[in-house]
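Peer 1: Below you will find the structure I want to go over with you.
Numbering (our numbering), first residue to last: 696 to 904.
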């Protein structure tokens with residue numbers, strides 16, 4: 696099954712503040728594993744919010760605003776196009792970024808900037824060694840795709856493949872955009888089919904369900 700996901704993690708602000716600044720509200724849903732539309736408070740003080748790959752929720756302008764007075768790490772990856780990235784923002788500024796684009800001719804494609812985390816060198820060396828071995832065997836595998844994902848995890852400890860129980864939590868908590876939680880009522884004078892069509896047309900394009 697293809698994986699296409701994006702997440703952000705915040706340290707220095709509580710979950711309530713993070714959701715409020717992102718215009719999100721909790722719903723009554725829970726999940727054992729993090730997935731789109733769910734959030735998780737980690738025991739080390741990070742608060743992770745999971746969305747989708749290339750979601751407006753984790754666009755750079757939004758993350759710069761959110762990172763004022765705190766640290767924000769984002770991670771996005773899509774194994775259908777083999778693109779992955781990790782970015783860190785501190786107090787409104789981008790601190791570092793690592794991105795791999797597997798659509799390029801070079802499997803070892805890697806773009807980095809800023810003050811990379813201490814774990815970068817060790818992760819990079821391991822990925823390079825694994826890619827060397829794969830290339831020598833003629834295996835069509837892209838190990839560099841995992842580098843930004845592991846780099847983001849090295850800072851936050853969060854990985855979207857791990858269950859909530861791995862962090863000592865009972866479950867992940869669901870969220871929805873505030874505007875979806877309180878949609879404007881449809882005109883009761885309209886026929887039922889028309890009301891449904893209007894509701895569908897006004898639904899945000901990035902709605903997950």
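No residue lacks a Cβ here, since even glycine has one placed at the ideal position from N, Cα and C.
1. Got a sec? Which residues, its chain only, sit under 6 Å from residue 780 by beta carbon, not counting five neighbours each side?
2. Are at least three pairs of beta-carbons, each pair with one atom in the segment 857–873 and one in the segment 711–722, less than 8 Å apart?
3. Grab me the residues of residue 850's own chain with a C-beta within less than 6 Å of its C-beta, minus the 5 sequence neighbours each way, in chain order.
4. Under the three-state reduction of DSSP, which class applies to residue 849: helix, strand or coil?
5. Could you spell out where the alpha helix (DSSP H) holding residue 819 opens and where it closes?
6. Between the beta-carbon of residue 762 and the beta-carbon of residue 785, is there less than 8 Å?
7. How many angstroms separate the CA atom of residue 796 from the CA atom of residue 705?
8. Whole angstroms is fine: what's the gap from residue 754's alpha carbon to residue 731's?
9. Excluding the 5 residues preceding and the 5 following residue 840 in the sequence, name in chain order all residues of the same chain whose CB lies nearer than 6 Å to its CB.
10. Could you check what DSSP says for residue 745 in three-state terms: helix, strand or coil?
11. Rank 846, 802, 867 by C-alpha distance to the C-alpha of residue 710 and give the top, closest one.
12. Nearest-angstrom Cα distance between residue 903 and residue 791?
Peer 2: In short, the structure shows the following:
1. The residues are 771, 794, 843.
2. The segment 857–873 makes contact with the segment 711–722, as at least three CB pairs between them are under 8 Å.
3. Cβ contact annotation for residue 850 (same chain, cutoff 6 Å, sequence separation greater than five): 768, 812, in chain order.
4. Annotated three-state conformation of residue 849 is helix, per DSSP.
5. DSSP places residue 819 inside the alpha helix (DSSP H), whose first and last residues are 815–832.
6. Against a cut-off of 8 Å, the Cβ pair of residue 785 and residue 762 comes out as a contact.
7. Roughly 25 Å separates the two Cα atoms.
8. In a straight line, the C-alpha of residue 754 is about 16 Å away from that of residue 731.
9. Cβ neighbours of residue 840 within its own chain (closer than 6 Å, five residues either side excluded): 777, 779, 795, 797.
10. If DSSP states are grouped into helix, strand and coil, residue 745 belongs with the strands.
11. Among 846, 802, 867, the Cα nearest to that of residue 710 belongs to 867.
12. In this predicted model, residue 903 has a pLDDT of only 42, less than 50, meaning its place in the structure is not dependable enough to derive any value.
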